[in-house]
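Protein chains in written order, with the UniProt record's numbering: chain S, 1 to 313; chain F, 1 to 313.
Built from N, CA and C at the ideal position, the CB exists for glycine as well.
Worksheet: one structure, shown below.
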């Protein structure tokens, strides 16, 4: 094993950069003070961070898994605006004792996630730190369509999700319990598989409000409710549960529903449509928008738990 | 004192976001899955990271100092391309025990640095972590001018810097030594004051290659040499030393020159011009571009030390 402290920053960059995905939008790529991109239409930009020990553990996820997740959750944010992702900026902080191979594996995961979508890594920064911290900024374009925000949900509209929920959260619970079970859920925690492009399709079909579910259905539905100054009523019986989550819940002897309601690991989309008839295929109605500006209700009541808070642990 | 763990993520965001600077380029600001910006010309993008215990210490720098530095060093990267900065994305990782006031102070520092330049913070992410890690991605525009890269230095051209060097590194040395001296150098370490716009001016005056000095004059000159496949000969007697660095060196009883040659804290610009006559006022010639592709030479010899490596400590 060779550590990144042993080879140093310049040598690490020389090994790392050639493994990164490229984009056609790139005019000047990594290696200068800044990268240069062509942008067609409006620029859409978002950032997400992954912290070792909080969002991933090295004993559970490979470098490639972390690279994949870092890319995917950011592509989902652009897709959730109804826009098209083009490029990533990556900052990687890591202890000097980290294996060089981990970093190269991380680059491979970024490439695997990005290449099918024509998305490139155009720049970033490296630094030492006590734990691995990956920060990703994703850039995208609108191509003339309007972005879909969280703020335009109206009473009477339907609330829907783009895919069955809970697999990632259930996989995390399996790993946390140290149980050897539910490999599909575990794999979906390590490598979430949101359908990039589902958001653009929803936007073209008239989605009024949309976001990616990154902190759990209930918490994120509350965010649409707040931004739109409406209420959102979720019907728990209507929430599609991922079969892998059910397998995991059974192995753990717990109820599967909380994984689907409060898990944010899948990066499926949550959207509000004028009616169920206008949804693209594959989406499932999980509730409706209500008049009263009072947050999210689950089966008519205030939910006991909303799920994840980034500073609560 | 109230900690960020006590108030939680949503409450922290509600306090933090209103203190951030705004930009006229903003179409949709913080609070959605992504921000939306208008871009005129080509997009220029760069990222830098600041890690507690490596780039700053809380006992030396306030939250506002860290916010200021985080913004300034990123604005300098866009300026160093001869482009104009417009917006920042910020990710902030911090322990849950951090004082809320530190985070709000951090926002104030961002605003102080950005507002004079019309630069806004349009989005970002917050997460828990064991130490504070600030990652900034800066976005800028070219407005029709060509960017100035590191790759177009040619033999016979002059190498110049935009400002006297060494104050920041000397200030850091004073703080590290625990000496109560040289307050100007200490202040310039905490709040570097690169002249944003100096790079655009240099670009308009025909700078052939340019970068901001973030890892020290010698190391960064070596990067221009490598990118341009030339040599760069630096004349140590010609390097302008900041008066505050001299005061600090005297107080510490050390030679001032290493601060100017290997300190990267000032974020002054390093550029190559066709001739000394084409430089904007205030720039000083420190060397010349040579034919042989052999890196950087100091007074004719390979330098003993190049300065900072991000994983070497």
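Grab me the residues of residue i's own chain with a C-beta within less than 8 Å of its C-beta, minus the 5 sequence neighbours each way, in chain order.
{"i": "residue 177 of chain F", "result": "252"}
{"i": "residue 312 of chain F", "result": "The predicted model places residue 312 of chain F with a pLDDT of 49, which falls under 50 and marks its position as unreliable, so this point remains unresolved."}
{"i": "residue 45 of chain S", "result": "137, 138, 139, 140"}
{"i": "residue 236 of chain F", "result": "257, 261, 298, 299"}
{"i": "residue 213 of chain S", "result": "161, 165, 220, 264, 266, 267, 268, 269, 270"}
Could you check the C-alpha separation between residue i and residue j for me, to the nearest Å?
{"i": "residue 127 of chain S", "j": "residue 52 of chain F", "result": "11 Å"}
{"i": "residue 179 of chain S", "j": "residue 239 of chain S", "result": "26 Å"}
{"i": "residue 83 of chain F", "j": "residue 182 of chain S", "result": "52 Å"}
{"i": "residue 119 of chain F", "j": "residue 188 of chain S", "result": "39 Å"}
{"i": "residue 242 of chain S", "j": "residue 31 of chain S", "result": "42 Å"}
{"i": "residue 270 of chain F", "j": "residue 168 of chain F", "result": "16 Å"}
{"i": "residue 98 of chain F", "j": "residue 5 of chain F", "result": "8 Å"}
{"i": "residue 197 of chain S", "j": "residue 79 of chain S", "result": "6 Å"}
{"i": "residue 163 of chain S", "j": "residue 304 of chain F", "result": "59 Å"}
{"i": "residue 259 of chain S", "j": "residue 244 of chain S", "result": "11 Å"}
{"i": "residue 130 of chain S", "j": "residue 94 of chain S", "result": "7 Å"}
{"i": "residue 81 of chain F", "j": "residue 114 of chain S", "result": "27 Å"}
{"i": "residue 7 of chain F", "j": "residue 302 of chain S", "result": "20 Å"}
{"i": "residue 282 of chain F", "j": "residue 28 of chain S", "result": "29 Å"}
{"i": "residue 57 of chain S", "j": "residue 66 of chain S", "result": "9 Å"}
For residue i, count neighbouring Cβ atoms within 10 angstroms of its own Cβ and tell me buried if that reaches 16, exposed if not.
{"i": "residue 143 of chain S", "result": "exposed"}
{"i": "residue 255 of chain S", "result": "exposed"}
{"i": "residue 40 of chain F", "result": "exposed"}
{"i": "residue 24 of chain F", "result": "exposed"}
{"i": "residue 16 of chain F", "result": "buried"}
{"i": "residue 68 of chain S", "result": "buried"}
{"i": "residue 294 of chain F", "result": "exposed"}
{"i": "residue 89 of chain F", "result": "buried"}
{"i": "residue 1 of chain S", "result": "exposed"}
{"i": "residue 264 of chain F", "result": "buried"}
{"i": "residue 103 of chain F", "result": "buried"}
{"i": "residue 276 of chain F", "result": "exposed"}
{"i": "residue 220 of chain F", "result": "buried"}
{"i": "residue 49 of chain F", "result": "buried"}
{"i": "residue 250 of chain S", "result": "exposed"}
{"i": "residue 18 of chain S", "result": "exposed"}
For residue i, return the contacting residues in chain S, with the cut-off set at a CB-CB distance below 8 Å.
{"i": "residue 232 of chain F", "result": "The premise fails here: residue 232 of chain F is roughly 16 Å from chain S at the closest Cβ pair, so nothing lies under 8 Å."}
{"i": "residue 39 of chain F", "result": "39, 42, 43"}
{"i": "residue 145 of chain F", "result": "The contacting residues do not exist; residue 145 of chain F stays about 11 Å from chain S at best."}
{"i": "residue 130 of chain F", "result": "53, 130, 131"}
Identify the contact partners of residue i in chain F, using a Cβ-Cβ distance below 7 Å as the criterion.
{"i": "residue 80 of chain S", "result": "33"}
{"i": "residue 93 of chain S", "result": "49, 51, 133"}
{"i": "residue 127 of chain S", "result": "49, 51, 54, 310"}
Suppose contacts are defined by Cβ-Cβ distances below 8 Å. Is residue i in contact with residue j by that definition?
{"i": "residue 171 of chain S", "j": "residue 153 of chain S", "result": "no"}
{"i": "residue 191 of chain S", "j": "residue 280 of chain S", "result": "no"}
{"i": "residue 9 of chain S", "j": "residue 64 of chain S", "result": "no"}
{"i": "residue 306 of chain S", "j": "residue 166 of chain S", "result": "no"}
{"i": "residue 268 of chain S", "j": "residue 161 of chain S", "result": "yes"}
{"i": "residue 296 of chain F", "j": "residue 234 of chain F", "result": "yes"}
{"i": "residue 36 of chain S", "j": "residue 42 of chain F", "result": "yes"}
{"i": "residue 33 of chain F", "j": "residue 77 of chain S", "result": "yes"}
{"i": "residue 75 of chain F", "j": "residue 134 of chain F", "result": "no"}
{"i": "residue 211 of chain F", "j": "residue 223 of chain F", "result": "yes"}
{"i": "residue 291 of chain F", "j": "residue 199 of chain F", "result": "no"}
{"i": "residue 123 of chain S", "j": "residue 246 of chain F", "result": "no"}
{"i": "residue 159 of chain F", "j": "residue 289 of chain F", "result": "yes"}
Excluding sequence positions up to five away, which residues of its chain have a Cβ less than 7 Å from the Cβ of residue i?
{"i": "residue 208 of chain S", "result": "152, 153, 154, 157, 272, 273, 274"}
{"i": "residue 201 of chain S", "result": "280"}
{"i": "residue 105 of chain F", "result": "62, 63, 64"}
{"i": "residue 125 of chain F", "result": "91"}
{"i": "residue 109 of chain F", "result": "63, 64, 65, 66, 67, 68"}
Given residue i, which residues of its chain have a CB within under 6 Å of its CB, disregarding the five upstream and five downstream residues?
{"i": "residue 20 of chain S", "result": "107, 121"}
{"i": "residue 227 of chain F", "result": "150, 151"}
Taking C-beta pairs closer than 8 Å, name the residues in chain F that residue i reaches, listed in chain order.
{"i": "residue 89 of chain S", "result": "45, 46, 47, 137"}
{"i": "residue 224 of chain S", "result": "Correct list: empty, because the minimum Cβ distance to chain F is about 10 Å."}
{"i": "residue 124 of chain S", "result": "47"}
Would you check whether the ligand SAM has a heavy atom nearer than 7 Å to the C-beta of residue i?
{"i": "residue 222 of chain S", "result": "Only the bare structure without any ligand can be found here, which leaves the ligand SAM out of the picture."}
Using a cut-off of 9 Å between C-beta atoms, extract the partners of residue i located in chain F.
{"i": "residue 150 of chain S", "result": "31, 32, 33"}
{"i": "residue 15 of chain S", "result": "Neighbours of residue 15 of chain S on chain F: none; closest Cβ ~13 Å, over 9 Å."}
Please compile the residues from chain S whose C-beta is within a distance smaller than 9 Å of the C-beta of residue i.
{"i": "residue 227 of chain F", "result": "31, 32"}
Give the interface partners of residue i over in chain S, defined as CB-CB distance under 7 Å, in chain order.
{"i": "residue 213 of chain F", "result": "In chain order: nothing, as chain S lies at least about 10 Å away."}
**Q.** Cβ-based contacts, 9 Å cut-off: residues of the region 66-77 of chain F near chain C
**A.** Absent from the structure: chain C. Protein chains present are S and F.
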